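Counting in this note's numbering, the sequence shown runs from 2 upward without gaps. In this text, a Cβ means the ideal position worked out from N, Cα and C, and glycines have one as well. Just so it is clear, the structure is predicted and the values come from calculations on it, not from any experiment. To start, the structure under review is shown below, and the notes come after it.
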Amino acid sequence: MPHISEIDTYLHNIHINFSNLNIHFQIPKLFQSILSSYKQDRIDKLEQGGLLFGAHEENTYSVKRISEPNSFDKSTRFTIDRNKEIDNLLIKHEERNSAGTILYLGEWHTHPQDIPRISRQDQTMMKLMLKLSPLNPPRVFLAIQGTHELGVWTYDGKEITKLEWYRSTSRLSP
Ligand SMILES: [Zn+2]
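In structure tokens, the structure reads:
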């Protein structure tokens, strides 16, 4: 089975926060470090990605688990084609094992750009991701790890909005 990263409650408390239009997205610093470990800072590093799972309370969405790249992924420098059956298994597994408290929030992947920009393909993908959203009303998040920054976008079925990182916690490590 693909690897799922989980961290303890204490480490969950150190978050990086992103926010816009009254939507708050929190990702534990430790997960950001894992995403950062896949950053495409060398020419031979391929695009990598995985799923984001978490919980939400009102407008605050907190990542509690992430999936890491697995051997079913088909990656190139600029694309990733993740196995949808594996994704669906992971989503069902997480929801069932958490009694519905840990839900699919979206996906993450890498871009070989300093400051990641959302591509047209990413925007199309977010529309497909929304169909998987267990939230009511549905909403999904896409985190893109660039070589210097992590960017987070959200989609609610109406518009795709970039969330701004804010400095309430530690600096993003380069
Ligand atoms: Zn992308």
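* Where do the ends of the alpha helix (DSSP H) carrying Asn18 lie? -> The count along the sequence shown starts at 1 and reaches residue 18 at position 17. First-last for Asn18: 16 to 21, but that is the beta strand (DSSP E), not the alpha helix (DSSP H).
* DSSP puts Phe54 in a beta bridge; with which residues? -> The residue labelled residue 54 in the question sits at position 53 within the sequence shown. For Phe54, which the question treats as bridged, DSSP gives the partners Arg66, Tyr105.
* Asked: Leu91 by DSSP, collapsed to three states: which one?
  -> Sequence index remark: in the sequence shown, residue 91 carries index 90 (1-based). If DSSP states are grouped into helix, strand and coil, Leu91 belongs with the helices.
* Express the C-alpha separation of Ser72 and Gly147 in angstroms, rounding to a whole number. => The residue you call residue 147 lines up with position 146 of the sequence shown. The residue you call residue 72 lines up with position 71 of the sequence shown. Each residue's Cα considered, the two are about 22 Å apart.
* To do: Say whether the segment 17 to 24 touches the segment 67 to 87, bearing in mind that this needs 3 or more beta-carbon pairs closer than 8 Å, one atom from each stretch.
  => no
* Measure the C-alpha to C-alpha separation of Gln33 and Gln41 and round it to an integer number of angstroms. => In the sequence shown, residue 33 corresponds to position 32, counting from 1. In the sequence shown, residue 41 corresponds to position 40, counting from 1. Each residue's Cα considered, the two are about 14 Å apart.
* To do: Could you please give me the residues that DSSP links to Tyr167 through a beta bridge?
  => What you label residue 167 is simply residue 166 of the sequence shown in a count that begins at 1. Asn18, per the DSSP bridge assignment.
* To do: Work out the CA separation of Ile15 and Arg118 for me, nearest whole Å.
  => Residue numbering aside, residue 118 sits at position 117 when the sequence shown is read from its first letter. Residue numbering aside, residue 15 sits at position 14 when the sequence shown is read from its first letter. Each residue's Cα considered, the two are about 26 Å apart.
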